[in-house]
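Colleague: Just dropping this structure here.
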Amino acid sequence: MIGLPRLRPLFSPSISAAALRLIHTALPPEPEIIASICGSLRKGSNFPTPTKQFTNLNLNKNTQIIPKILLQLKQPHDAHCALKFFHWAALNFEIQHSPFDYCVTIHILAHAKLVKDAQALLESVIVKTSSGIMVLDLLFDSYEICESTPFVFDLFVQSCAKLKMIDDAVSACELLDKKGFNLSVISYNTLINVVLKSDSAGLVWKVYEGMMERRICPNEFTMKVMVSGLCKEGRLGRFVDVVKRIHGKKCSAVVVVNACLIYGMIDEGRIEEGLGILKWLLQKNMILDTVAYSLIVLARVKSGDLASALRVYGEMTRRGFSANPFVHTLFIGAYCDEGKVEEAIELFCEMENVGLKPYDETFNHLILGCSRAGRLEDSLKFCESMIDAGLVSSCAAFNELVHQMSDNGFTKRADEMLTSLLEKGFLPNELTYTHLIAGYQKEGNLEGVLKLYYEMEYKSLPPSTSVFASIIAALCHCGDLKEAEKYFKAMKDKSLDPCSYTYENLINAHIEKGSKVRGDQLYHEMLDSGHTASIETHLRDVAKS
445 MIGLPRLRPL FSPSISAAAL RLIHTALPPE PEIIASICGS LRKGSNFPTP TKQFTNLNLN
505 KNTQIIPKIL LQLKQPHDAH CALKFFHWAA LNFEIQHSPF DYCVTIHILA HAKLVKDAQA
565 LLESVIVKTS SGIMVLDLLF DSYEICESTP FVFDLFVQSC AKLKMIDDAV SACELLDKKG
625 FNLSVISYNT LINVVLKSDS AGLVWKVYEG MMERRICPNE FTMKVMVSGL CKEGRLGRFV
685 DVVKRIHGKK CSAVVVVNAC LIYGMIDEGR IEEGLGILKW LLQKNMILDT VAYSLIVLAR
745 VKSGDLASAL RVYGEMTRRG FSANPFVHTL FIGAYCDEGK VEEAIELFCE MENVGLKPYD
805 ETFNHLILGC SRAGRLEDSL KFCESMIDAG LVSSCAAFNE LVHQMSDNGF TKRADEMLTS
865 LLEKGFLPNE LTYTHLIAGY QKEGNLEGVL KLYYEMEYKS LPPSTSVFAS IIAALCHCGD
925 LKEAEKYFKA MKDKSLDPCS YTYENLINAH IEKGSKVRGD QLYHEMLDSG HTASIETHLR
985 DVAKS
């Protein structure tokens, strides 16, 4: 539990003359009581302990008078008096102050810049209510009558952050924005720093984005925390490289962080929001022109408007900005996605001719595009060029190449390429092996099928239903039913449901071997599993014979 500052009595038990007169007479009207108490406080008089006569005030039964007294002390020069009264009422009358009493006092203290006292009460009432948002609502409700200052909301967010009430702090930022209140950069820094150290580190970018949307300029500390966030996510190196490819040299942390923010928003499809923030960043010199142009090209490509992207690129070059590998790679990817592989290859050649260095993403686009277009030799050439450049293909790009090569009878070449990539640190996944095993099975290469299966086991990659289907089909084709049944059992042991293709291979193989009983058993098992048989007539003919 978070320790809170201990509240100490701020006055001695001695009684003021004015208070004594009040005690020994009948209670005057409420306004006179309020005026008398406030007058005693302002004179610096010590407040009395509750004697038998003084209990006639019934503060513990007449708690509605408390905020009225506090509001008479709302001016900054009376703030210490308000705090004295708040503590005195609680200590001498055993009053449990309402959250509203707390909020009125907090407003008064915040307005007077009594920061530590205001934060102590904020932390106390937030813990007491277990709801930061409820406290925030009460601060809103009492804001005008207390003639408060927006600074109180900075203290609120900082207190929530200190108490690690992250969701409440983030929600508060959004609510405050809707009500027209802007937080200080210190409040955002406090929140971002706490979020980064929590289990909700993914919220860091949401908070930073909110900061940019509200046009709060970050400072050096903000950048330090955001760079730490990129490190924690393992993305710092990637975005340092992205910005370097665009600008031609390393850039400051503020450019890297802001490029990452806009890139992420565009990648999520929030293009107009991202471009709105980008425009403001440009105005504040928090991003470079060439980086901004390149991100706008990214936005147009992402939205599928290649013509618009080309226009932006044309404007970029007319203004004297050089072409860069990042933008060229965007266009290569766009052409490949549209099936315009020839244009993509031409752009790649142009890129090399002007001295722009292609990188992993450039090659991956070309490998994918050429593979899908059936240009397997070109795809292989780009894969080999990538290896020569010391780069490793992405799993998605290589898997597409393997899939197309295996489907077209070039499984061995695909397998050899995998060997070359493994030596460079490539990490294949289950799909890589699934395609290769299926290819070897189609070609009748049982040795290749089993070799890759054992390799999968060695790498602790879980075989899929498709892998077992290929192994069983290959074994059935070779007539090795004993091994086929072994893998069929292993498949079930792994809670993988056999497909109709697997059942039919086993059924046909058993029937051909004369094992009609096992064939019939598998046939009924297949039907019970919900599969449709394509050999039912054949089985009936066998049964009749």
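Counting from 445, one number per residue, gives the positions in the sequence shown under the numbering used here.
A virtual CB, placed ideally from N, CA and C, is assigned to each residue, including glycine.
Where does E664 sit, in a helix, a strand or coil, going by DSSP?
Modeller: helix
Colleague: Give the range of the alpha helix (DSSP H) segment to which T773 is assigned.
Modeller: P769 to D781
Colleague: On the CB-based measure, 16 or more other CB atoms within 10 Å of its CB, does P872 come out buried or exposed?
Modeller: Residue burial is scored here from C-beta neighbours: P872 has at least 16 other C-beta atoms within 10 angstroms and is therefore classed as buried.
Colleague: Please report how far the alpha carbon of H524 lies from the alpha carbon of L553, in whole angstroms.
Modeller: 8 Å
Colleague: Using alpha carbons as the reference points, say which of D611, V596 and E588 lies closest to S574.
Modeller: D611
Colleague: Can you list, in chain order, the residues of its chain with a C-beta nearer than 7 Å to that of K496? Leave out the 5 residues immediately preceding and following it.
Modeller: Low per-residue confidence applies at K496: pLDDT is 41, beneath 50, and the placement is therefore not dependable, though the value from the model is reported in the following sentence. Counting only Cβ-Cβ distances below 7 Å, and skipping sequence neighbours, we find nothing.
Colleague: Only counting the same chain, and skipping five residues up and downstream in sequence, which positions put a Cβ closer than 7 Å to that of S642?
Modeller: K608 and I610
Colleague: Secondary structure at M730, three-state DSSP: helix, strand or coil?
Modeller: coil
Colleague: Whole-angstrom Cβ separation of L919 and A928, contact assumed at under 8 Å?
Modeller: 4 Å
Colleague: Alpha helix (DSSP H) containing F544: first to last residue?
Modeller: P543 to H555
Colleague: Once the 5 residues before and after K868 are set aside, which same chain residues still bring their CB inside 7 Å of it?
Modeller: I831 and V836
Colleague: Using 8 Å for Cβ pairs, my map puts G925 next to K957. What's the rounded Cβ distance?
Modeller: The sequence shown places Leu at residue 925, not Gly. L925 to K957, Cβ: 6 Å. Contact.
Colleague: Any chance you could list the alpha helix (DSSP H) runs of at least 4 consecutive residues sitting entirely within the segment 675-753, in chain order?
Modeller: 680-691, 697-711, 715-727 and 733-746
Colleague: Rounding to the nearest angstrom, what Cα-Cα distance links A556 and G483 in this structure?
Modeller: 19 Å
Colleague: Contact between the segment 801-815 and the segment 778-789 is defined here as three or more beta-carbon pairs at a separation below 8 Å; is this criterion met?
Modeller: yes
Colleague: Is T499 helix, strand or coil when you go by DSSP?
Modeller: Caution applies to T499, whose pLDDT of 49 falls short of 50 and renders its modelled position unreliable; the model cannot decide the point.
Colleague: Taking the alpha-carbon positions, what's the K960 to E969 distance?
Modeller: Separation of K960 and E969 (C-alpha to C-alpha, rounded to the nearest whole angstrom) is 14 Å.
Colleague: Looking at C-alpha atoms only, which residue of G777, P769, S815 and S603 is the closest neighbour of N797?
Modeller: P769
Colleague: For L599, which residues in the same chain have their Cβ closer than 8 Å to its Cβ, ignoring the five residues on either side in sequence?
Modeller: I550, A554, V559, A562, Q563 and L566
Colleague: Below 8 Å on the Cβ atoms is my contact criterion, and I expect V651 with V614 to pass it. Report the Cβ-Cβ distance as a whole number of Å.
Modeller: Their Cβ separation, rounded to whole angstroms, is 6 Å, which keeps V651 and V614 in contact under 8 Å.
Colleague: Please classify K528 as buried or exposed, where buried requires at least 16 other C-beta atoms within 10 Å of its C-beta.
Modeller: Under this definition K528 is a buried residue.
Colleague: Please state whether the Cβ-Cβ distance between L719 and V741 is less than 7 Å.
Modeller: No; because the gap between Cβ atoms is not below 7 Å, this pair is not in contact.
Colleague: Where E677 and V698 are concerned, what is the direct C-alpha to C-alpha distance, given to the nearest angstrom?
Modeller: Between E677 and V698, the C-alpha separation is close to 17 Å.
Colleague: Compute the Euclidean distance between the alpha carbons of R486 and V596, then round it to the nearest angstrom.
Modeller: 24 Å
Colleague: Nearest CA to the CA of K606: which residue from I589, L627, N633 and L674?
Modeller: Per the Cα distances, N633.
Colleague: What do you reckon, is the C-beta of I706 under 6 Å from a heavy atom of the ligand PLP?
Modeller: Annotation note on the ligand PLP: not contained in the displayed structure, which lists no ligands.
Colleague: Would Q602 be called buried (16 or more neighbouring beta carbons within 10 Å of its own) or exposed?
Modeller: buried
Colleague: Should the segment 615-633 be regarded as contacting the segment 657-673, the criterion being three or more beta carbon pairs within less than 8 Å?
Modeller: yes
Colleague: Taking all protein chains shown into account, decide if K518 is buried (16 or more other Cβ within 10 angstroms of its Cβ) or exposed.
Modeller: buried
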